[in-house]
Amino acid sequence: MRLPRLYGSVRTHSPDASLTDSDNPVSLVRTVALAAPVAAGLHLAVGWEWTILPAIVVGVLAGARGWMAGLLTVALPWAGILAWSYAASPDSTPILLGVLGGLIGGNTPGAVVVALTLLFGGLIGLAGGTVGSQLNGLAPAGPERRSDDTSEAPAERL
Numbered sequence: 439m440r441l442p443r444l445y446g447s448v449r450t451h452s453p454d455a456s457l458t459d460s461d462n463p464v465s466l467v468r469t470v471a472l473a474a475p476v477a478a479g480l481h482l483a484v485g486w487e488w489t490i491l492p493a494i495v496v497g498v499l500a501g502a503r504g505w506m507a508g509l510l511t512v513a514l515p516w517a518g519i520l521a522w523s524y525a526a527s528p529d530s531t532p533i534l535l536g537v538l539g540g541l542i543g544g545n546t547p548g549a550v551v552v553a554l555t556l557l558f559g560g561l562i563g564l565a566g567g568t569v570g571s572q573l574n575g576l577a578p579a580g581p582e583r584r585s586d587d588t589s590e591a592p593a594e595r596l
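Okay, so the sequence shown: first residue is 439 according to the working numbering, each after it adds one.
As structure tokens, this is what we get:
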């Protein structure tokens, strides 16, 4: 079964569009909105390395725009987790960022650590979305069936 491509299918922007309609920005937003919580859950439950999996799946669904869908699927939850860290512990988060900045390269400011974290998450999502987009192109097509070929008996087709 060949997975549907997201580009060139439907050019209307209706709320009834499918999740795999790339000409419809609503479908891309809907797909990312469904996958981003999965990426956040994987990040919190088993580690940041696993956030590439939802990006790959979204890349398969998004086709040509898989790179963008993957980037958003990973970068948005990472930004949300960083914002939650500041909200939950506003006094100790800057201390943690200062320690991480010292580990990165001496006297790196906390804002640079945040920017590098989001850049790294975005690159993971970009890579996953691109891989998924390419996997969409590799999906094998199903066997061809001809509807007018009913004259042969099933035993004769062997």
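Glycine included, C-beta positions come from ideal geometry on N, C-alpha and C.
Buried or exposed for residue 559, please, with buried defined as at least 16 other CB atoms from any protein chain shown within 10 angstroms of its CB. buried
Locate the alpha helix (DSSP H) running through residue 546, then write down its first and last residues. Note, residue 546: premise wrong, no alpha helix (DSSP H); not H, not E.
Backbone secondary structure at residue 470 - three-state DSSP: helix
Cut-off 8 angstroms between Cβ atoms - residues of its own chain near residue 568, not counting five sequence neighbours on either side: 497, 504, 505, 508
Is it true that the CB of residue 548 sits closer than 8 angstroms to the CB of residue 493? no
For residue 528, which three-state DSSP category applies? coil
Use the C-beta contact count for residue 532: other C-beta atoms within 10 angstroms, 16 or more gives buried, fewer gives exposed. exposed
Using a Cβ-Cβ cutoff of less than 8 angstroms, which residues in the same chain neighbour residue 556 once the five nearest sequence positions on both sides are dropped? 513, 516, 517, 520
Buried or exposed by the 16-neighbour rule on C-beta atoms within 10 Å, applied to residue 490: buried
Between residue 527 and residue 495, what straight-line distance do the alpha-carbon atoms span, to the nearest angstrom? 33 angstroms
Taking only three categories from DSSP, how would you classify residue 563? helix
Confirm, please, whether the CB-CB distance from residue 466 to residue 500 is below 8 angstroms. yes
Rounded to whole angstroms, what is the Cα-Cα separation between residue 563 and residue 523? 21 angstroms
When you compare the CB positions of residue 510 and residue 537, do they come within less than 8 angstroms of one another, or not? no
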